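*Asks:* Shown below is the structure under consideration.
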Amino acid sequence: MEAGRTNASPGAAGSGGASLSASEDFTFRLPIAEYSYTEAQNADISAAEDVLTERCMKRLGLPYTARKAPEASRASDRRYGLSSAEDAARYGYHLPPKASFNPNKGLSTTTLIALYGRSAGIDGKADPALDIPARGCRGEAAESLDADHRYGEGAEIASGIARRSYQESVEDSRVREAVRRWSDCMTERGYTYSDPLAALGDERFLDKDVSKREVETARADMECKTRVGLLRTWFSAETAIQKKMIAAEPAELAKLKEVHASKAAAAREVTGRD
0 MEAGRTNASP GAAGSGGASL SASEDFTFRL PIAEYSYTEA QNADISAAED
50 VLTERCMKRL GLPYTARKAP EASRASDRRY GLSSAEDAAR YGYHLPPKAS
100 FNPNKGLSTT TLIALYGRSA GIDGKADPAL DIPARGCRGE AAESLDADHR
150 YGEGAEIASG IARRSYQESV EDSRVREAVR RWSDCMTERG YTYSDPLAAL
200 GDERFLDKDV SKREVETARA DMECKTRVGL LRTWFSAETA IQKKMIAAEP
250 AELAKLKEVH ASKAAAAREV TGRD
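At position 216 of the sequence shown the residue is numbered 215 (numbering that gives the first Met the number 0), and the sequence of numbers has no breaks.
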């Protein structure tokens, strides 16, 4: 059995566990997620960038049609360690495999340089007479949408909240107690880990193949999380922490949300979706 692998990471994303359904996650259900682009907004922006890229390529006299990646399910959430019993049983601590997709496969050197720019480090040369944008047509497309829709200060505030809330949640008394009970549960089953991220980052499970031992450990991990309610407790604690942090920055975060909506609206004008 083969699957992708991720190391333990406080900022990693994924699907729910405990009382949450397998189709839900934690990272994108936390309060601060309201100030990220929505899936629909991201789709609008991506579609607009494709249209603008194609226009740029046409201007250069190069035939090009943007290739659409196959629709993919959201990545398995790892904010609080492994969080899907189904993934644990199938992949252990490895990430579920993803379908391969290469949007550049088969494209000529000239086309690639036009897409990404002469300084992109692509082997080969393109016609020096072509007026290729500095960052290529892809970069030009992204820049044209982003130019009037930036709010770096607000974005930094939002990312800071996401980072600091996790750090504070680790020290929350309810979370610490749930982690202790999870660790005791794992010990009863013959596994010694201080916390869920230690299990997720176990070096014995870094091989490409998923071992029987890894699956057994991951299943025990999820069973113990469910028994002590760790995922539900951790999510609840971080949610409360984030709400307080968000309440301290109302104007900045509201502006960030408006900027996101404005960029998505501009993207829909490009594609004619409005």
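No residue lacks a Cβ here, since even glycine has one placed at the ideal position from N, Cα and C. Just so you know, these numbers come straight off a predicted model, no measurement behind them.
(1) For residue 52, which of 252, 83, 131 and 229 has the nearest alpha-carbon?
(2) Check whether the region 208 to 217 and the region 151 to 169 are in contact - that is, three or more C-beta pairs closer than 8 Å.
(3) Tell me the DSSP bridge mates of residue 194?
(4) Could you check the C-alpha separation between residue 176 and residue 41 for me, to the nearest Å?
(5) Evaluate contact between the region 239 to 256 and the region 160 to 169, counting only Cβ atoms and requiring at least three cross-stretch pairs below 8 Å.
(6) Which one or two residues does DSSP pair with residue 78 in a beta bridge?
(7) Say whether the region 247 to 267 touches the region 103 to 119, bearing in mind that this needs 3 or more beta-carbon pairs closer than 8 Å, one atom from each stretch.
(8) Tell me, to the nearest whole angstrom, how far the beta carbon of residue 29 is from that of residue 237; I am working on the premise that it is less than 8 Å.
(9) Taking residue 45 as the reference, which of 24, 31 and 68 has the closest Cα?
(10) What does the Cβ neighbour count give for residue 234, buried or exposed, with the cut at 16 atoms within 10 Å?
(11) What are the boundary residues of the alpha helix (DSSP H) that includes residue 259?
(12) Flag this pair as yes or no: are the beta carbons of residue 65 and residue 49 separated by less than 7 Å?
(13) Hey, residue 219 and residue 185 are a contact pair by Cβ (cut 8 Å); roughly how many whole angstroms apart?
*Replies:* Well, looking at it:
(1) Taking the sequence shown and counting its residues from 1, one reaches residue 52 at position 53. It is 131 whose Cα lies nearest to the Cα of residue 52.
(2) At 8 Å Cβ cutoff, the stretches do not touch.
(3) Position 195 of the sequence shown holds residue 194. In the DSSP assignment, no residue is bridged to residue 194.
(4) Here residue 176 is taken as the residue at index 177 of the sequence shown, counted from 1. Here residue 41 is taken as the residue at index 42 of the sequence shown, counted from 1. Residue 176 and residue 41 have their C-alpha atoms roughly 38 Å apart.
(5) Contact holds: three or more Cβ-Cβ distances are below 8 Å.
(6) Translated into positions along the sequence shown, residue 78 becomes position 79. DSSP links residue 78 through a beta bridge to 80.
(7) The region 247 to 267 and the region 103 to 119 do not touch, with fewer than 3 CB-CB distances between them shorter than 8 Å.
(8) As a position in the sequence shown, residue 29 is number 30, starting the count at 1. As a position in the sequence shown, residue 237 is number 238, starting the count at 1. For a cut-off of 8 Å, the C-beta gap from residue 29 to residue 237 is around 6 Å, short enough to register as a contact.
(9) Start at 1 with the first residue of the sequence shown, and residue 45 comes out as number 46. Among 24, 31 and 68, the Cα nearest to that of residue 45 belongs to 68.
(10) On the sequence shown, residue 234 is found 235 positions in, with the first residue counted as 1. With 16 or more other Cβ atoms inside 10 Å of its own Cβ, residue 234 counts as buried.
(11) The residue you call residue 259 lines up with position 260 of the sequence shown. Its alpha helix (DSSP H) spans residues 249 to 270.
(12) Here residue 65 is taken as the residue at index 66 of the sequence shown, counted from 1. Here residue 49 is taken as the residue at index 50 of the sequence shown, counted from 1. With respect to residue 49, residue 65 sits close: the two C-beta atoms are nearer than 7 Å.
(13) Taking the sequence shown and counting its residues from 1, one reaches residue 219 at position 220. Taking the sequence shown and counting its residues from 1, one reaches residue 185 at position 186. The C-beta separation of residue 219 from residue 185 comes to about 6 Å, placing the pair in contact by the 8 Å criterion.
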